Amino acid sequence: MSRKDSIDNLFMKKPVVTASSPARSPDRVRTGAISAMGSSLHEMAENAKQVTKLQQQLAEGEPVVSLDPSAIDNSKITDRIQLEVDPDFEALVASIAEHGQQVPILVRPNPETAGRFQIAYGRRRLRAAEQLGRPVRAIVKSLSDSQLYIAQGRENLDRKDLSFIEKAFFARNLEDGGCDRATIISALVTDKADVSRYIAVARRLPDSVVNLIGPAPKAGRARWMALAEHLANPSMVEAAQQILRGYVEQRLDSDARLSGLLRELSGHPKVSKKRSESTDVWRTPTGKRAVSIEANDGKTSIVFEEKAVPAFAKFVSARLDELYEQFQKQNRDGD
Numbered sequence: 001m002s003r004k005d006s007i008d009n010l011f012m013k014k015p016v017v018t019a020s021s022p023a024r025s026p027d028r029v030r031t032g033a034i035s036a037m038g039s040s041l042h043e044m045a046e047n048a049k050q051v052t053k054l055q056q057q058l059a060e061g062e063p064v065v066s067l068d069p070s071a072i073d074n075s076k077i078t079d080r081i082q083l084e085v086d087p088d089f090e091a092l093v094a095s096i097a098e099h100g101q102q103v104p105i106l107v108r109p110n111p112e113t114a115g116r117f118q119i120a121y122g123r124r125r126l127r128a129a130e131q132l133g134r135p136v137r138a139i140v141k142s143l144s145d146s147q148l149y150i151a152q153g154r155e156n157l158d159r160k161d162l163s164f165i166e167k168a169f170f171a172r173n174l175e176d177g178g179c180d181r182a183t184i185i186s187a188l189v190t191d192k193a194d195v196s197r198y199i200a201v202a203r204r205l206p207d208s209v210v211n212l213i214g215p216a217p218k219a220g221r222a223r224w225m226a227l228a229e230h231l232a233n234p235s236m237v238e239a240a241q242q243i244l245r246g247y248v249e250q251r252l253d254s255d256a257r258l259s260g261l262l263r264e265l266s267g268h269p270k271v272s273k274k275r276s277e278s279t280d281v282w283r284t285p286t287g288k289r290a291v292s293i294e295a296n297d298g299k300t301s302i303v304f305e306e307k308a309v310p311a312f313a314k315f316v317s318a319r320l321d322e323l324y325e326q327f328q329k330q331n332r333d334g335d
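Spelled out as structure tokens, the structure:
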């Protein structure tokens, strides 16, 4: 495979629009799912344009050079969750040792330090070259931050798809790094709704726990959301870390760690206690579940179901002073 072909394989081709393509009627009114689908397709088309532009720039014939791995810095935004035992990486090291590095990495001149470089993609190849004590083959390209992150995300998706949690943390890290939503959408080749879901999940999960679990490539959003529910109680985070350290010592794979942790937390005394104390529910006169009252560890939470009783929470909170006066009066009258 030529270097140009290798680069081409890392990026999505731009859709071809022909004269026979049906024109969209300006008078057509789109509603519901059709409108949402049209919005997503438009976002995907815009993503393809940005990726194609970068693809064309990379295919212009930049030479491949040999660089000292120690002169290359990591991207400011992390995507992969590293495992202490990674059979795929060990196989990559063996392959490069025997056959050499077949595909170059992509770097840019480090904008903050003269004479150094910053990696866009190919960190595993960089680590392998460093471990083998040999130079790394690289394409050096001047890239903006946005271009670097798009290239980083796209290469990962094409070579070895990021797991759900890796996409979620990559999206969150990009946002925390100051990237706008358009860049995040392009880097993950997805749409606005998915990016929002990724970031929402990532912000509910502690980094310390996720790093001990690893990428869990078989786990989707539902399992990570279930974990987030368990870890909503801060005291459960430490318990989760202790469980996971045991799994690390047993050398369980990432998916097995997540499955085992969910089982352990479901039967944990603190979880069971919380469930047994969270049985008080208030329903509307028509029978709709509207408010749940949860008592745990000396704290009581009142949760309003907004769909069942919209604006009721605001109504109640605006009358807390009045309710408290009634409560005090009732206690005084009862003395």
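Counting in the numbering used here, the sequence shown runs without a single skipped number right up to 335 at its last residue. By construction, the Cβ of each residue, glycine as well, lies at the ideal position given by its N, Cα and C atoms. If you're wondering where the values come from, they're calculated on a predicted model, not measured in any experiment.
Backbone CA spacing between residue i and residue j [nearest angstrom]
| i | j | result |
| --- | --- | --- |
| Arg134 | Ile119 | 17 Å |
| Ser95 | Asn211 | 27 Å |
| Pro215 | Ser317 | 42 Å |
| Lys192 | Ile199 | 11 Å |
| Pro104 | Phe164 | 27 Å |
| Leu252 | Asp68 | 35 Å |
| Val93 | Leu258 | 28 Å |
| Asp73 | Leu126 | 10 Å |
| Tyr337 | Phe304 | No statement about residue 337 is possible, as the shown extent of the chain runs from 1 to 335 and does not include it. |
| Glu175 | Ala295 | 35 Å |
| Asp145 | Gln102 | 26 Å |
| Val64 | Ala240 | 46 Å |
| Arg197 | Ala226 | 14 Å |
| Thr113 | Ala71 | 10 Å |
| Ala228 | Arg245 | 19 Å |
| Pro234 | Arg319 | 30 Å |
| Lys299 | Gly260 | 29 Å |
| Arg116 | Gln152 | 18 Å |
| Arg108 | Ile184 | 20 Å |
| Gly177 | Asp333 | 58 Å |
| Ala97 | Ala91 | 10 Å |
| Gln330 | Trp282 | 22 Å |
| Ser142 | Asp207 | 32 Å |
| Ile213 | Gln328 | 50 Å |
| Asn110 | Val140 | 11 Å |
| Gly100 | Gly267 | 50 Å |
| Gly32 | Ala232 | Note that Gly32 has pLDDT 48, beneath the 50 cutoff, so the model's placement of it is unreliable and no number is given. |
| Ser66 | Gly220 | 39 Å |
Beta-carbon proximity of residue i to residue j, cut-off 9 Å
| i | j | result |
| --- | --- | --- |
| Ile77 | Cys179 | yes |
| Ala128 | Leu106 | no |
| Arg80 | Leu205 | no |
| Arg181 | Ala202 | no |
| Val209 | Val248 | no |
| Val315 | Val291 | Before going further, note that residue 315 is Phe rather than Val in the sequence given. Cβ distance not < 9 Å, so Phe315 and Val291 don't count as in contact. |
| Leu188 | Phe169 | no |
| Pro217 | Asp255 | yes |
For residue i, three-class secondary structure by DSSP
| i | result |
| --- | --- |
| Pro104 | coil |
| Val309 | coil |
| Ala318 | coil |
| Lys75 | In the sequence on display, residue 75 carries Ser and not Lys. Reduced to three states, the DSSP call for Ser75 is coil. |
| Gln118 | strand |
| Asp88 | helix |
| Lys299 | strand |
| Ser278 | Confidence at Ser278 is low in this model, with a pLDDT of 47, below 50, so the placement of that residue should be treated as unreliable; the coordinate-derived value is given next. In the structure shown, Ser278 sits in coil (DSSP, three-state: anything other than H, G, I, E or B). |
| Pro69 | helix |
| Ile81 | coil |
| Glu264 | helix |
| Glu112 | coil |
Own chain partners of residue i with C-beta closer than 8 Å, once the 5 adjacent residues on each side are dropped
| i | result |
| --- | --- |
| Glu322 | none |
| Ala222 | none |
| Gln131 | Val93 |
| Phe89 | Arg124, Arg127 and Ala128 |
| Lys288 | Glu305, Ala308 and Val309 |
| Leu262 | Arg223, Ala226, Leu227 and His230 |
| Leu148 | Ser75, Arg108, Gln118 and Ala120 |
Cβ neighbours of residue i in the same chain (closer than 7 Å, five flanking residues each side left out)
| i | result |
| --- | --- |
| Glu166 | Asp79, Arg80, Ile81 and Pro215 |
| Ser301 | Glu294 |
| Val195 | Ala171, Arg181, Ile184, Ile185 and Leu188 |
| Leu265 | His230, Met236, Ala240 and Val271 |
Beta-carbon contacts of residue i that lie in its chain and below 6 Å, excluding the five residues immediately before and after
| i | result |
| --- | --- |
| Lys307 | none |
| Gln326 | none |
| Asp280 | Ile293 |
| Ala250 | Note on residue identity: the sequence assigns Gln, not Ala, to residue 250. Result list for Gln250: empty, nothing under 6 Å. |
* To do: Give, in chain order, every unbroken run of the beta strand (DSSP E) that is at least 3 residues long and sits entirely within the stretch 131-214.
  => 136-140
* To do: Any chance you could list the alpha helix (DSSP H) runs of at least 4 consecutive residues sitting entirely within the stretch 207-261, in chain order?
  => Those alpha helix (DSSP H) runs which fall completely within the stretch 207-261 and span 4+ residues are 207-213, 221-230 and 235-249.
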